[in-house]
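Down below is the structure, laid out as structure tokens.
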Amino acid sequence: MDDRYVVIGYGQLALAALLMVVNLSLSVVLRLGLERTLALATVRMVTQLLLIGFVLEWLFAQENPFTILAISLVMTSIAGISAVNRTRRRFVGLYWNSLLSVLVASGLVTSFALLGVLQVQPWYSPQYLIPLLGMVLGNTLNGISLSLDRFMESLVNQRDQIETWLTLGATRWEAAHSQVREAIRVGMIPTINSMMVMGLVSLPGMMTGQILAGANPIDAVRYQIMIVFMIAAGAAIGIFSVVLLAFRTLFSPDHQLRLDRLTKAQS
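Right, dumping it as structure tokens:
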């Protein structure tokens, strides 16, 4: 195993940026009109990643657990807000529901990995805490966004059917359990699909990064398997929590559908 690590300099990074000429050329030749969008996306991506690189370099040098936990809380808050921003409908308290769900899911899963699986000392080591938390948050917010959107849209589209069940004496759970189940299923599909082809069609970025940095491939694979388990569990907990909280809001305790609490998101 060659342990030499090739450092990419800014000159090499500029050379790699020439690959974006492929996208720009296709847009120009086919008149897709994406030149400005591609240029903006490229500049934003490079700027954001370079900035987070400097932030992480500073953060990894910190030894104060309160500073590290504060950064973690900021990341979690952004994930909770981003999940709701992708939905087409809202209700009062939806952001808090999302924040709580993301916080519980990511907190439980990341704590289990750090304290139970890796047994990192100290447990708040940013080298482990921040990357693991970030991967869990990214996938959890996607699942929450998909499940929330599906749940609220299904209630609106199937309003007559649900209210018929309620009129016939069904409880709110009996009337809406199929919508709850479908919303949770939709939210979990992306994670399951990625798991099905992982290692055959795609090589995960975290595992690839470790291998490029000189890690033994088997060690990198074991890390990746653990992370996939974290992602799947975090998404499941977050999705279940947020859908259940939305269900409790959109159905009153006396078994009435309260679509009047829903509003369309402003574009």
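Going left to right, the sequence shown walks through residues 1 to 267 as my numbering numbers them. C-beta atoms are modelled at their ideal positions from N, C-alpha and C, and glycine is treated no differently. Keep in mind that this is a model prediction, so the values were computed, not measured.
Nearest to L69 by alpha-carbon distance, out of L18, S111, T171, is S111.
Assigned with DSSP and collapsed to three states, L257 falls in strand. Under the DSSP assignment, S77 falls in the alpha helix (DSSP H) whose first and last residues are 65-85. Cβ-Cβ distances below 8 Å link V156 to R89, L259, L262 in the same chain, with the five nearest sequence neighbours on each side left out; the list follows chain order. In this structure the stretch 31-46 does not touch the stretch 90-108; the number of beta carbon pairs closer than 8 Å is below three. With fewer than 16 other Cβ atoms inside 10 Å of its own Cβ, F60 counts as exposed.
Sequence-distant Cβ neighbours of V221 in its own chain, meaning closer than 7 Å and more than five residues away, are M207. Of the candidates A41, L50, V29, T42, L50 places its Cα closest to the Cα of Y10.
When Cβ pairs closer than 8 Å are counted between the two stretches, the stretch 121-139 is seen not to touch the stretch 170-182, the count staying below three.
Membership of S154 in the alpha helix (DSSP H) is indicated by the continuous run 126-157. N64 and L56 have their alpha carbons spaced roughly 14 Å apart. By the criterion of a C-beta distance shorter than 7 Å, F247 is surrounded in its chain by A176, V180, once the five residues flanking it on both sides are discounted. Contact between Y128 and L115 is absent: CB atoms are separated by about 11 Å, not below the 8 Å threshold. A contact between stretches requires three or more CB pairs, one per stretch, nearer than 8 Å, and the stretch 80-87 fails this requirement with the stretch 218-232.
DSSP places T263 in the strand class (E or B) of the three-state scheme. For the pair S147 and M188, the CB atoms are nearer than the 9 Å cut-off.
With fewer than 16 other beta carbons inside 10 angstroms of its own, I8 counts as exposed.
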